[in-house]
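Below: one structure, written as structure tokens.
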Amino acid sequence: MTKDEAVSKWINGFNLVPREVSELLFENDKLYEITPIAKGSYVYVSSSKYDGYATAVNSKGLDREGNALQDEYGDPLDNYFMIEPHTGVSNDRSNYIISADEMEHGFDSYLPMWNNMWAFGESPDEYWVDNAGGLEALAECGFRVYETDAYGYVFGIDGMGYSFKEEHFKPLYEARGLKWHKEEIEVEVNGFTDYIEVSDHTEAGTFNMKNNDELEL
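Letter 121 of the sequence shown, counting from 1, is numbered 118 in this note's numbering, and no numbers are missing.
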């Protein structure tokens, strides 16, 4: 199974939540948005350093290289983001390390732009959201996340006109750590280029080849 096929199989196991259902739940106070601010979030900032719209450019508490953000005394800034302002850019980048408490999402509406949303069809996915960073991963992969008694976690996309699978679901599959697919790598075998599939079931030290031969590593 290729990665594209694996992602499609995963998506096909989700429950579809039509727009009319999500609107009805929201209007009856049974659908609550819980999207955290994350890397890539479009936010409105109101602080002494900057006031206006911006984009968060790092994961919470980390700099662009993935190192822990620290204040001048070396203490961690766990609840802070680096932002890219949309207006009035300063040369002093330290001006744009902002607490999450001083920003909010800049969404245009109470529901995502795309009509349908999705809910996980399997409890391990729900567990991942609850206990293993899945909520932040959903946000970093471009999803808006809601919670409801009827469906559990519900997530949707603020966008249209491009491949949701490539831009959102495939990164989410990777963040989820799923390995339903086989990776292919290109190798030279006896002077010829061949492709081999890396199988989860292959014994250490060998790869399964498409022609069922094995290449010792």
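Just so you know, even glycine gets a beta-carbon here, dropped at the ideal spot from N, CA and C.
Here the structure is a predicted model, which is why all the values come from computation and not from measurement.
Range of the contiguous alpha helix (DSSP H) that encloses residue i
i, result
"residue 150", "Per DSSP, residue 150 belongs to no alpha helix (DSSP H); it is in the beta strand (DSSP E), 149 to 154."
"residue 7", "0 to 9"
"residue 124", "120 to 128"
"residue 21", "16 to 24"
According to DSSP, residues forming a beta bridge with residue i
i, result
"residue 73", "67"
"residue 111", "Answer is none; residue 111 lacks a bridge partner."
"residue 135", "For residue 135, which the question treats as bridged, DSSP gives no partner whatsoever."
"residue 141", "153"
"residue 102", "40"
"residue 166", "None, per the DSSP bridge assignment."
"residue 52", "39, 81"
"residue 59", "65"
"residue 116", "12, 151"
Own chain, CB closer than 7 Å to residue i, minus 5 neighbours either side, in chain order
i, result
"residue 103", "39, 40, 41, 50"
"residue 157", "110, 111"
"residue 133", "33, 35"
Top-ranked residue by Cα proximity to residue i, from the options
i, options, result
"residue 56", "146, 79, 171, 23", "79"
"residue 15", "152, 97, 46, 77", "152"
"residue 107", "157, 173, 62, 143", "143"
"residue 97", "58, 7, 70, 174", "58"
"residue 168", "146, 157, 140", "140"
"residue 105", "122, 69, 155, 134", "155"
"residue 23", "171, 5, 137, 148", "148"
Residue i: first and last residue of the uninterrupted beta strand (DSSP E) it sits in
i, result
"residue 43", "39 to 43"
"residue 160", "Careful: residue 160 lies outside any beta strand (DSSP E) and carries neither H nor E."
"residue 31", "Here residue 31 belongs to no beta strand (DSSP E), and DSSP marks it neither H nor E."
8 Å Cβ shell around residue i - same chain, five flanking residues per side excluded
i, result
"residue 219", "This structure leaves residue 219 out entirely; the chain is present only between -2 and 214."
"residue 201", "Only weak support is given to the placement of residue 201: the predicted model assigns it a pLDDT of 27, under 50, and the value that follows is read from those uncertain coordinates. Excluding residues within five positions, none has a Cβ falling inside 8 Å."
"residue 83", "49, 50, 51, 52"
Same chain, Cβ closer than 6 Å to residue i, five either side skipped, listed in chain order
i, result
"residue 66", "58, 60, 74, 77"
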